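Just so you know, we're using our numbering here: the sequence shown kicks off at 141 and counts up by one. Working notes, beginning with the structure itself.
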Amino acid sequence: MATEVKELARQTQMATVQIGDTVQALTSQVSGLIQDGAAATASATLAREGTALIERVVARMAESVATVHDATHAIAEGVRANLKDCTAVERELDELEQAVAGSSSHLSAANRRLENLLELSETLIDHIGTSPVATDDSPFLAATVEAAARVSALFERAVESGEIAMGDLFDETYRPIPGTNPEQVLTNFTAFTDRVLPPVQEPLLDLDPRIAFATIADRNGYLPTHNRKYNQPQGPDPVWNAAHCRGRRLYRFRAGLKAASSPRPSIHTMPRDMGGGKRVLITILNAPILVRGRQWGAFSIALLPPAD
């Protein structure tokens, strides 16, 4: 833009010079006409009128030249001011970009350190909980492993009997249910798990008051059929839905996805969103669900923290 304005100013200046030359030439011609008019008495009146007209035209042209000159000067001043402002803005943007880059670098480094620390703590909890040494969580881990084995056998029998095809059981086409908030999805095996899972899942809730839920999730974090108290139909309130309608949802938490694809039992802790900004820290015990040697997902039992 600055280059175009400068070029326009240059062209305008050249035009101004040409107009000035023309005015000078016309002025000379007017002088000649005046002299000729003095010599030609018969046409003196006509010459004076013509001369006056030309003088007025020349005056207007001179005014136009002055206006063009002033406009050119104003444009040049505006260009210089704009260029100065643009330079200042570019300098500020460069400084902002450098500051953002520095902040982003620091934030990325902090995130990496936090992830490493979280990974280390989860590994430590997992090793302690799954070690041969008995802990408070050992009975719950044993119950989780047993439940996973029951579900594995149940799934295999259903495939063998033709109740559900292997491809449908491992379906990963998660189809959103219109109007749900939080979003719920369906798969080709959702109706099947609704039929067969409650007899396995529900009795586990009575083992101990600390058990918050006992459910399965596939390797992608899809929880098709939750416990009945958390498997309510959705209503108009998304906060209520988040707390009471937890089935048919995808939970893509890093630790949960890792557990759902792990070939061995595992333990991890995580905050559980109860809706309305309320969260509780729970311990989750996991055991793999295998169908014909292929990992389907995991069975999980969640424990609330001990009461004070």
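Where is the CB? At the ideal position from N, CA and C, for every residue including glycine. Keep in mind the model is a prediction, meaning the values are calculated, not measured.
Taking the continuous alpha helix (DSSP H) assigned at residue i, which residues delimit it?
i	result
Asp308	306–309
Pro338	338–341
Leu294	278–301
Let's test the definition: count the other Cβ atoms within 10 Å of the Cβ of residue i and tell me whether it reaches 16, buried, or not, exposed.
i	result
Ser440	buried
Leu443	buried
Leu347	exposed
Thr227	exposed
Leu421	exposed
Gly396	buried
Leu258	With a pLDDT of 48 at Leu258, under the threshold of 50, the modelled position of that residue is not reliable, and the figure given next carries that caveat. Its Cβ having fewer than 16 others within 10 Å, Leu258 is exposed.
Thr275	exposed
Gly302	exposed
Pro376	exposed
Pro316	exposed
Arg288	The residue asked about is misnamed: residue 288 is Ala in this sequence, not Arg. Buried.
Gly472	In the structure displayed, the chain extends from 141 to 448; residue 472 sits before or after that span and is not available.
Identify whether residue i lies in helix, strand or coil by the three-state DSSP scheme.
i	result
His366	coil
Arg335	helix
Asp348	coil
Arg388	coil
Arg412	strand
Arg359	coil
Arg434	strand
Thr275	coil
Thr227	helix
Leu258	No answer about Leu258 holds up, because its pLDDT of 48 lies below 50 and its placement is not dependable.
So if DSSP puts residue i in a beta bridge, which residue, or which two residues, is it bridged to?
i	result
Ala427	Phe439
Asn381	None, per the DSSP bridge assignment.
Phe353	Ala442
Ile422	Met410
Asn371	Cys385
Arg315	Leu326
Between which two residues does the beta strand (DSSP E) containing residue i stretch?
i	result
Ala395	Here Ala395 belongs to no beta strand (DSSP E); instead the alpha helix (DSSP H) covers 394–400.
Does the beta carbon of residue i sit closer than 8 Å to a beta carbon anywhere in chain B?
i	result
Ala352	In the displayed structure, chain B is absent; only one protein chain is listed.
Could you check the C-alpha separation between residue i and residue j for me, to the nearest Å?
i	j	result
Gly361	Glu235	43 Å
Arg368	Thr333	13 Å
Pro428	Phe295	13 Å
His384	Tyr370	5 Å
Phe329	Phe310	8 Å
Arg392	Ile407	17 Å
Val340	Ser292	11 Å
Val170	Arg231	Note on Val170: pLDDT 46, under 50, position unreliable in the model; no value is reported.
Ala352	Lys418	15 Å
Arg386	Gln238	44 Å
Arg531	Glu286	Only positions 141 to 448 of the chain appear in the structure, and residue 531 is not among them; the question remains open.
Pro349	Ala399	24 Å
Gln374	Leu337	20 Å
Pro403	Arg359	11 Å
Thr355	Pro343	11 Å
Pro446	Thr423	11 Å
Ile265	Asp277	Low per-residue confidence applies at Ile265: pLDDT is 45, beneath 50, and the placement is therefore not dependable, though the value from the model is reported in the following sentence. Cα to Cα, Ile265 sits roughly 11 Å from Asp277.
Pro279	Pro322	34 Å
Leu454	Ala298	The chain is shown only over 141 to 448; residue 454 falls outside these bounds and no answer can be derived.
Ala282	Val379	34 Å
His366	Thr284	15 Å
Met410	Arg290	26 Å
Ala476	Gly319	Because the chain here runs from 141 to 448, residue 476 falls outside it and cannot be looked at.
Glu312	Asn426	21 Å
Ala331	Asp308	11 Å
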